[in-house]
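Each residue of the sequence shown is one higher than the last, beginning at 1 in my numbering. Ideal placement from N, C-alpha and C gives every residue a C-beta, glycine not left out. The next block holds one structure in the form of structure tokens; read it before the comments.
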Amino acid sequence: MSDAADHDTLKFYRANAETYAQRQPRGTEQMTGFLAALPPGGSILELGCGAGYQAAQMLAAGFDVHPTDGSAEMAAQAQQRLGREVRTMLFHELDADAAYDGVWAYACLLHVPRDELASVLSRVWRALKPGGWFYASFKSGEGEGRDKLARYYNYPSEEWLRARYAEAGGWASIDVARDQGKGFDGELASFLHVMVQKQS
């Protein structure tokens with residue numbers, strides 16, 4: 001697949017945007033560390049913003065947030081919540097160059113086809129300013145598959161994921177943390193939380 005998107009997964013989010021928008025904010029612990037690493041009021045690109053809950057938290061903390069989502073229906077939900085424009089953008093459409101202090105991608109890049117992930121990570125690397133920070137989370141595993149809702153997941157191991165980041169660009173640091181949690185499908189899963197800094 002050449003567009004770094006899975007069409008059945010996008011179809012799910014388009015069809016379930018209103019229901020998905022009722023979910024409560026997640027990732028508070030990871031966001032706290034991410035925001036602390038950025039300059040006050042810094043610019044943040046959010047990929048896969050969903051209903052805009054996390055963008056709202058970042059805006060409330062005084063950051064210049066640019067939320068995006070691959071589903072126009074989900075972007076509309078976020079736009080209604082935030083009262084500002086939310087761009088509909090697929091990951092492979094990211095073409096910014098040294099524009100952001102941080103990129104936030106909570107539980108969204110886990111849907112990128114495995115053979116496209118390094119390319120998407122490279123686009124994120126390019127979009128960051130030197131010294132910028134990038135957070136993303138993934139459901140860990142040993143190979144791609146679908147959940148009971150037919151959503152595609154790349155299910156990386158930590159070793160495989162580190163190799164894809166290394167392909168994407170120069171990072172001053174790569175930190176990977178693990179925990180467990182339940183997704184929208186209600187199934188318990190193991191998550192990898194990746195925090196990296198672009199070389200200055």
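Check, Outcome
"Where Glu131 falls, given that 16 or more other Cβ within 10 Å makes a residue buried", "Just to set this straight, residue 131 is Gly in the shown sequence, not Glu. Under this definition Gly131 is an exposed residue."
"Element boundaries [alpha helix (DSSP H), containing Arg164]", "158 to 168"
"Cβ-Cβ distance between Gly91 and Val120 below 7 Å", "Residue identity differs from the one stated: residue 91 is Phe in this sequence, not Gly. Going by C-beta atoms, Phe91 is nearer than 7 Å to Val120."
"Whole-angstrom C-beta distance between Tyr165 and Met74, which should lie under 8 Å", "About 26 Å; that fails the 8 Å criterion."
"Exposure label - His111; buried when at least 16 CB within 10 Å", "buried"
"Gln199 classed as buried or exposed, judged by whether at least 16 other C-beta atoms fall within 10 angstroms", "exposed"
"Length of the line joining the Cα atoms of Asp95 and Gly33", "26 Å"
"Minimum length 4: unbroken alpha helix (DSSP H) runs contained in the stretch 50 to 103", "53 to 60, 72 to 82"
"Tyr153 versus Leu82, Gly41, Leu35, Gly183, residue with shortest Cα-Cα distance", "Gly183"
"Span of the alpha helix (DSSP H) around Gln30", "28 to 37"
"Nearest to Gly27 (by Cα), restricted to the options Met58, Ser43, Asp8, Pro39", "Met58"
"Beta-carbon contacts of Asp69 that lie in its chain and below 7 Å, excluding the five residues immediately before and after", "Gly48, Cys49, Gly50, Ala75, Ala78, Val86, Thr88"
"Rounded separation between Val212 and Leu82 - CA only", "This structure does not reach residue 212, given that the chain is present from 1 up to 200, and the question cannot be answered."
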